[in-house]
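Residue numbers (our numbering): 1 to 114.
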């Protein structure tokens with residue numbers, strides 16, 4: 001079953017759409033202020049890296065140092081289903097990057113908790 005969470009918010013005075021959709025083999029996160037997908041990046045954790053237990057005081061734990069970031073063009077390679085990759089599509093307008101980043105992360109956290 002696919003789970004979809006989405007919201008529209010205003011960040012730094014710019015309309016922003018945020019969507020998270022879970023698939024069997026990966027999670028898709030789209031953040032756009034331009035009405036398009038933008039750049040696609042896939043982040044995955046190698047099978048040789050141990051998974052850390054979730055910390056209750058932090059919603060989004062720090063990624064392991066061994067995380068792999070892969071720019072995607074066309075079709076992505078097959079990934080192990082026990083560790084879903086995260087594919088992020090991002091298209092943001094020029095603004096205060098730090099404030100926009102914190103705003104996006106705050107709203108993603110809210111969507112995850114729903």
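C-beta atoms are modelled at their ideal positions from N, C-alpha and C, and glycine is treated no differently.
Reduced DSSP secondary structure (H/G/I, E/B, other) of residue i
i, result
"residue 19", "strand"
"residue 37", "coil"
"residue 10", "strand"
"residue 45", "coil"
First and last residue of the uninterrupted beta strand (DSSP E) at residue i
i, result
"residue 108", "It is not in any beta strand (DSSP E) - residue 108 instead sits in the alpha helix (DSSP H) that spans 97 to 113."
"residue 30", "26 to 32"
Proximity winner among the options, relative to residue i (alpha-carbon distances)
i, options, result
"residue 37", "29, 5, 96 and 89", "89"
"residue 110", "34, 44 and 19", "19"
"residue 96", "13, 86, 23 and 4", "13"
"residue 11", "83, 113, 40 and 107", "107"
"residue 39", "91, 99 and 102", "91"
"residue 35", "23, 93, 22 and 41", "93"
"residue 7", "98, 31 and 23", "31"
Beta-carbon proximity of residue i to residue j, cut-off 8 Å
i, j, result
"residue 26", "residue 104", "no"
"residue 44", "residue 3", "no"
CB contact check: residue i to chain D, cutoff 8 Å
i, result
"residue 84", "You won't find chain D in this structure, because it holds only one protein chain."
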